[in-house]
Every structure is written in structure tokens, then in C-alpha cells.
Amino acid sequence: MSRFKLSVFTVSTPDLTPSETCEAAKAAGIEGIEWRCKDTPAEVLNEAPSYWGHNRSTLATAPSPAEIASLNDAVAASGRSSIALVPYLTCGDLEGTEALFRLAKTIGASMIRVGVPGYQAEIGYHPLFEKATAYLNEVEAMARDYGVQALIEIHHGTIIPSASAAFRLASRYDPERIGVLLDPGNMIYEGMENFRMGMEILGPYLAHVHVKNAGWQPQRLADGSEHPNAAKAAGAPGADASPLDPIDWACGWRSIASGAVPWRTILRELDAVGYRGWLGVEDFSGSYGTAEMLRTFATQIRTWEAELGL
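Reading the sequence shown from the start, the letters are residues 1 to 310 in the UniProt record's numbering.
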């Protein structure tokens with residue numbers, strides 16, 4: 001019997017409609033759907049499908065009853081479950097947050113992603129942390145009232161780029177009401193720490209996991225040529241060719257098996273700390289067509305589970 005339940009966050013299925021996403025998930029053996037929730041500007045609808053632009057597998061923030069019924073029917077017809085609503089809420093927007101708690105409950109989701117402040121040096125960490133707690137104090141009550149768990153996501157560029165930072169924010173709340181979405185791929189960008197230790201720190205606050213990957217590479221110069229230190233950056237012996245001209249590095253998305261996150265090891269560590277929740281694919285690498293990406297993800301997880309004896 002498989003250890004983990006599999007889901008897909010529909011930000012990574014931009015070319016599919018909700019019904020097509022459900023059917024592709026079914027074909028891949030993925031049980032749960034995490035619905036991207038955002039309003040799409042009219043002018044974007046003529047663009048080619050993209051993760052964060054014209055994403056066809058997106059639920060509007062105030063969908064009509066017919067749109068909700070259509071989505072719920074697609075989920076039911078495919079035998080899948082809507083496990084999460086994943087909007088882009090702003091920390092402090094209590095009215096918008098409560099409206100989406102209502103929507104999450106309407107589609108049968110058990111989790112919703114809520115807002116976390118982006119880090120701003122001109123404001124400073126501590127005032128931003130206080131802003132976050134003032135917001136989450138109210139969010140916790142919403143989670144209780146609607147029966148939907150709020151998730152704060154470990155994400156680069158925010159005040160919780162690491163598991164330890166996320167725990168500091170979440171730990172004052174009931175973990176049944178507010179949990180942490182662990183995203184090791186985001187932590188390659190910023191917030192990297194020992195993955196097992198981070199899971200142990202989170203303890204009961206570890207509520208959900210997103211599966212994607214990322215990696216760093218040295219950048220070329222503005223004219224397209226290699227930096228003088230490129231060979232050294234790749235591990236060549238000897239001194240820097242240009243010791244006073246540091247090379248720039250950039251992080252980008254990779255396929256699950258080709259980035260810096262050791263996913264096979266992550267599965268072992270999740271099992272070791274007792275995690276029995278969902279693994280949600282969120283692959284931005286563009287390495288596969290959407291249906292193949294879903295099948296590859298499911299095959300990877302089930303194969304690695306078997307190899308690990310989970």
C-alpha cells in the first residue's frame with residue numbers, strides 16, 4: 001500500500017480545462033486536485049496558456065454558481081477530490097480571505113493557502129511578523145468556523161522562506177487550524193536548511209507538501225560570453241581568473257529528477273517523521289507535456305516508495 005496521497009496544483013496544468021485536468025489526474029493515478037484561484041484579466045485570455053497568465057485550470061475568486069457546479073461535477077465524474085483552494089491572498093485582507101474560505105468550503109476543499117508578507121528590508125522583519133500574526137489571529141477563527149485548514153507556504157521572498165521561520169509564525173496557533181505547506185523546491189531559491197531537521201521542527205504543523213525542483217547555475221556576461229570565473233565555478237582547480245569580479249548565479253526551475261532537492265531522500269524523511277499527507281506536484285520546468293508530467297510524477301513517487309519499502 002502506498003504511503004503518500006498524490007495531488008496536483010493546477011498552476012502546473014495551464015493548458016487544460018478543469019475537466020481535462022481531472023481526467024489527466026485520473027489517468028495518472030493522482031487522487032487530489034488543488035485549484036489555482038485567481039481572476040484572469042480579459043486581455044490575458046487571448047494569450048497562449050501559461051502557468052501564471054492564461055491558466056485555463058483556474059477558478060475565479062467569485063465564480064458563478066454554474067461555474068462552481070461545473071467544477072464540482074468534473075471532480076465527481078473523475079472520482080477525484082478537491083483537496084485545496086490555492087489563491088494569492090494578501091496578508092491583512094480579511095474580507096477577501098473569508099470570501100475564499102467560503103468558496104473552499106463550497107467546493108469541498110479541506111485546505112486553503114492564506115497570505116504571508118513578502119520580506120521588505122525598508123520595513124524590517126519584526127513589523128512584518130507582527131502584521132502576519134494580527135492577520136492569522138483572525139484567520140485561525142475563520143479556519144475553525146468554516147472547517148477548512150489554513151496553510152502558510154514556505155516561499156522565497158517572504159518572511160517564511162524556511163521551515164524554522166514558518167514554525168516561528170505558525171507555532172502560536174492550533175495546528176488543526178493553521179498548518180505549514182512545506183516546499184523544498186522553493187527552499188532551493190532561499191531558506192535552505194536540513195530537510196529532516198525542518199520536518200522535525202514543524203512537527204504537527206507539517207500539513208502539506210509541494211513537489212517541484214530547482215537549481216542554481218552561473219550566469220553569462222551581458223554580451224553572452226562566459227564569465228572569466230566560469231570554469232572555476234564549475235569546479236575546475238586553481239585560482240580564480242578574475243578574483244575581484246565575482247560571478248553571478250541564478251536559480252531556476254528544474255524537473256523533479258534534475259534539481260537540487262533529493263526527492264527520493266525527502267520521501268524517506270517524510271515517512272520517518274510520520275507524515276501521511278498529500279504530495280502535490282507543482283512542476284514549472286516545462287520538461288514534459290502536462291499529461292506526461294503528471295504520469296511521470298506519479299511513477300516517480302510510487303517507484304521510490306517501493307524502492308524505500310514504504
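We treat Cβ as the ideally placed atom computed from N, Cα and C, and that holds for glycine.
Inclusion of leucine 267 and valine 8 in the CB contact set at 8 Å is not warranted, their separation being larger than that value.
Within the same chain, and ignoring the five residues on either side of serine 81 in sequence, the residues whose Cβ sits closer than 8 Å to its Cβ are Glu31, Gly32, Ile33, Val75, Gly108. The DSSP-derived three-state label of cysteine 22 is helix. Ranked by Cα distance from lysine 5, the first of Val209, Val148, Ile159, Ala77 is Val209. In the DSSP assignment, methionine 197 falls within the alpha helix (DSSP H) that extends over 195-202. Collapsing the DSSP output to three states places asparagine 213 in a strand. Boundaries of the beta strand (DSSP E) around glutamine 149: 149-153. Annotation for glycine 277: Phe4, Lys5, Leu206, Ala207, His208, Val209 place their beta carbon closer than 8 Å to its own, counting only its chain and skipping 5 residues before and after. For tryptophan 52, there is no enclosing alpha helix (DSSP H), as DSSP marks it with neither H nor E. If only complete runs of 4 or more residues are kept, the segment 229-262 shows the alpha helix (DSSP H) at 230-233, in order along the chain.
Under the DSSP assignment, glutamate 34 falls in the beta strand (DSSP E) whose first and last residues are 32-37. For glycine 280, the CB contacts under 6 Å within the same chain, skipping 5 residues up- and downstream, are Ser7, Phe9, Glu34, His210 in chain order. Isoleucine 112 and proline 204 have their C-alpha atoms some 17 Å from each other. A residue is called buried when at least 16 other Cβ atoms come within 10 angstroms of its Cβ; glycine 115 meets this threshold and is buried.
One alpha carbon belongs to glycine 92, the other to isoleucine 123, and they sit about 16 Å apart. Here the segment 237-256 lies against the segment 214-226, with 3 or more beta-carbon pairs under 8 Å apart. In the DSSP assignment, methionine 187 falls within the alpha helix (DSSP H) that extends over 184-189. Collapsing the DSSP output to three states places methionine 192 in coil. Excluding the 5 residues flanking it on each side, glutamate 226 has same chain C-beta neighbours closer than 7 Å at Arg220, in chain order. In this structure, DSSP gives phenylalanine 4 a state outside helix and strand, which the three-state scheme calls coil. Threonine 58 carries a strand assignment under DSSP once its states are collapsed to helix, strand and coil. Setting aside the 5 residues that flank it on each side, proline 246 is surrounded in the same chain by Asn229, each with a C-beta closer than 8 Å to its C-beta; the list follows chain order.
Three or more beta-carbon pairs separated by less than 8 Å link the segment 47-57 to the segment 16-25, which places the two stretches in contact. In this structure, the alpha-carbon of alanine 24 lies about 12 Å from that of serine 57. Of Val261, Met199, Ala298, the smallest CA-CA separation from glycine 274 is found for Met199. Per the C-alpha coordinates, the member of Gly259, Arg177, Ser258, Lys26 positioned closest to alanine 143 is Arg177. By the beta-carbon neighbour count (other beta carbons within 10 angstroms, threshold 16), serine 255 is buried.
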